[in-house]
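For reference, the structure discussed in these notes is given below.
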Amino acid sequence: MDERPHIEIQNLSVWYGEQRALKDISVAFPARGITAVIGPSGCGKTTLLKSINRLLETSDNVRISGRILLDGADIYAPGVDVTEIRTRVGLLASKPFPLPMSIYDNVLYGPRIHGLCRRDNADAIVERYLRAADLWEEVRERLQTPAHALSTGQQQRLCLARALAVEPEVLLCDEPTAALDPISAQRIEDLLRGLKRHMTIVLVTHILRQARRLADYVVFLWLGELVEAGPAEQVFNNPLSERTRAYLMGDIG
Amino acid sequence: MKKLRHLEEHVFRFLMWLSLLVVLGSLMLILGTMLWRGLPSLSLTMLTQIPKGGYYLGEEGGILNAIVGSLCLASGATAFAWLFSLPVAIYLHGYASRSRTAHLIRLAMDVLWGVPSIVYGAFGFIIMLWLGLRASLLGGIIALACLELPIMVRGMDEALGTVPPALREASYALGATRFETTIKVLLRQAVAGLLTAVLLAFGRGIGDAASVLFTAGYTDRLPDSLFRPVASLPLAVFFQLATPFPAVQQRAYAAGLVLTVIVLAVSVMARWLSRHLTRHVVR
Ligand SMILES: Nc1ncnc2c1ncn2[C@@H]1O[C@H](COP(=O)(O)OP(=O)(O)O)[C@@H](O)[C@H]1O
Ligand SMILES: [Mg+2]
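Written as structure tokens, this is what we have:
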């Protein structure tokens, strides 16, 4: 963690109505590599993730305080263009939701919106990102068919291709294998392992073994509070907090 | 104890069958009556001619004036209502889904839905007097559009409400604006429901007699101007049924049959259309 952190969260608190979901979180995510956010269900992992691409504010009744710095600039500062933040910070949700259009148009949805897609490079973009998501060989013959006809595992890889197509620098993954069979889950894990070399990945998971397999850094949340954060090695083998130890041993959570 | 539960099961099943029978039976009875009374006098002349002199005494002519008039009235009103209800429905969903304003709009639409159509007719009539308009196609369209508006808004509201929030979020997460998300994702996903709402409103509009009684008037001529009276099928049924001549009364049933067939045809068409439009919809 020598370089400057890519994402820096400072005193972040989030309320849903009266209920406080995150309590004064301060943590930094180093550039590149996979940071796993672990913790039991309902501890605020998704909330933390959605605050990083400002998706949280699309639901009603949410209040956010604190700062989140992306490359040193506060994404909640007044005058910041939300769509630009969401372009730089991609999201892979836990359940794949293909957009109601063809496979081809799903991949191009982002590039078209951001004016990156011309008539002569569209096919190339589609092929490039479908390959990046390891889906090309399976769908090359049926690019124009509806995306929802794919299997769940394929849909998730399509969602990954769609996210990558806008060239984000950060990829947020919210339990990306939760809805998948073991083989599809394995493929997603392999892809993330390849992607971490040039992007910052924040992986929310409640599967400890997955975190152990993939994470370079670990953040442990408990009931909306940050308990511990550090290199994976250290958190898993030598946690500082008693609560982390108990959670890792399976005593709590 | 066990016996009692079995008895309950039987009673419940009997009630279900009875309700089903009543519902299907009344539908059959209505269609049957119309076919039985109307079919004999339904002829090509009836569909292709306007009333000649003495038509209402049982002589030559047809109800083309009412068919064309009704189609004009209902299409105009549906287009008019659509123009206003789509933005309202989008506002309710993309911009203010749980706000106080949204709540008020929904309440207003529910109240308007319950307003009897004769009230729309009377209301339209006052507006027309006020504007110096006489009974006319335009007047009828305005009154019918008011009648259709709440039906369409609520239908579209429901349709857009079925779009999973996560789908919208998927679009936002790619850097799409609210407008882009609405146009490219929300409307596409909800297209079948939106079409159904439009259709429901059309069906309600074309079948309504009370709201066009004062506002559109009636005439034996084909519609030729927005500012002249037009005929309509519901009123054709009403006037012909009110004559003392059995032959003319039979034609009333034929006119009713034509009205039913039009609604049926539009409904089948919309189903076909929505099947083709929902190829990509996520289920
Ligand atoms: N839209 C919402 N409205 C109200 N409460 C919410 C909402 N989303 C999440 N919560 C609450 O916030 C807490 C944290 O939720 P979440 O971030 O989804 O946890 P996790 O992803 O770790 O399971 C939970 O108690 C949950 O009930
Ligand atoms: Mg979650």
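Same order as they appear, the protein sequences are chains A and B.
Residue 1 is where the first sequence starts when you use the working numbering, and the numbers rise one by one after that.
Residue 1 is where the second sequence starts when you use the working numbering, and the numbers rise one by one after that.
Just so it is clear, CB atoms sit at the ideal spot from N, CA and C, and this is done for glycine as well.
- The DSSP-derived three-state label of Pro98/A is coil.
- Residue pairing by DSSP places Glu228/A opposite Phe220/A in a beta bridge.
- Against Arg251/B, chain A offers no close residue; the least beta-carbon distance is about 48 Å (beta-carbon pairs closer than 8 Å).
- Relative to ligand 2, the beta carbon of Glu175/A is positioned inside 7 Å of a heavy atom.
- Placement of the Cβ of Thr46/A at a distance of less than 7 Å from at least one heavy atom of ligand 1 is found.
- By a beta-carbon distance limit of 8 Å, Ser274/B contacts Val191/B. Their separation comes to about 7 Å.
- A buried status is given to Asp157/B, since no fewer than 16 other beta-carbon atoms sit within 10 Å of its beta-carbon.
- Here Leu147/B is not near Ile206/B, since their CB atoms are 8 Å or more apart.
- By the C-beta criterion, the segment 206-222 of chain A is judged to be in contact with the segment 187-195 of chain A, since at least 3 inter-stretch pairs fall below 8 Å.
- Distance from the CA of Lys50/A to the CA of Ala31/A, rounded to the nearest whole angstrom, comes to 18 Å.
- Listed along the chain, the chain B residues whose CB falls inside 9 Å of the CB of Ala93/A are Ala166, Glu169, Ala170, Ala173.
- The C-alpha of Asn106/A lies about 54 Å from the C-alpha of Arg5/B.
- Counting of Cβ neighbours within 10 angstroms places Gln19/A among the exposed residues, the total staying below 16.
- Neighbours of Pro146/A in chain B, taken as residues at a C-beta separation under 7 Å, are given in chain order as Arg279, His280.
- Collapsing the DSSP output to three states places Asn106/A in a helix.
- Interface annotation, Gln49/B: not in contact with chain A, CB-CB separation never under 8 Å.
- At a Cβ-Cβ threshold of 8 Å, Phe29/A and Thr200/A count as neighbours.
- Restricting attention to alpha helix (DSSP H) runs no shorter than 4 residues, the segment 106-155 of chain A encloses them at 122-132, 136-139, ordered along the chain.
- By the neighbour-count criterion, in which a residue is buried when 16 or more other Cβ atoms sit within 10 angstroms of its Cβ, Phe12/B is exposed.
- Around the beta carbon of Ile262/B, 16 or more other beta carbons lie within 10 angstroms, which makes this residue buried.
- Residue-level contact check: Leu214/A does not touch chain B, since none of the beta carbons of chain B fall below 8 Å from its beta carbon.
- The Cβ of Glu180/B sits closer than 8 Å to at least one Cβ of chain A.
- Within chain B, the residues Lys184, Val185, Arg188, His280 have their CB atoms less than 9 Å from the CB of Met101/A, given in chain order.
- For Ala73/A, same chain residues with a beta-carbon under 7 Å away, outside a window of 5 residues either side, do not exist.
- Those residues of the segment 50-69 of chain A placed with their C-beta closer than 7 Å to a C-beta in chain B are Asn53, Leu55, Thr58, Asp60, ordered along the chain.
- In the displayed model, Glu8/A falls within a strand according to three-state DSSP.
- Excluding residues up to 5 positions away in sequence, Ala252, Ala255, Gly256 lie with their Cβ nearer than 6 Å to the Cβ of Val237/B in the same chain.
- Between ligand 1 and the CB of Ala89/B, the shortest heavy atom gap is not smaller than 7 Å.
- As computed with DSSP, Phe29/A is found in a beta bridge with Ile7/A.
- Across the segment 71-90 of chain B, no CB contact with chain A closer than 9 Å is found for any residue.
- The beta carbons of Gly79/A and Val166/A sit no closer together than 8 Å.
- Remark: C-beta atoms of Phe202/B and Ala74/B approach each other more closely than 8 Å.
- Using a CB distance cut-off of 8 Å, Gly115/A does not count as an interface residue toward chain B.
- Between the segment 43-54 of chain B and the segment 216-231 of chain B, the count of C-beta pairs closer than 8 Å reaches three or more; the two stretches touch.
- Within the segment 146-168 of chain A, those residues whose Cβ lies closer than 8 Å to any Cβ of chain B are, in chain order, Pro146, Ala147, His148, Cys159, Arg162, Ala163, Val166.
- In this structure, the straight-line span from the alpha carbon of Leu174/B to that of Arg106/B is close to 31 Å.
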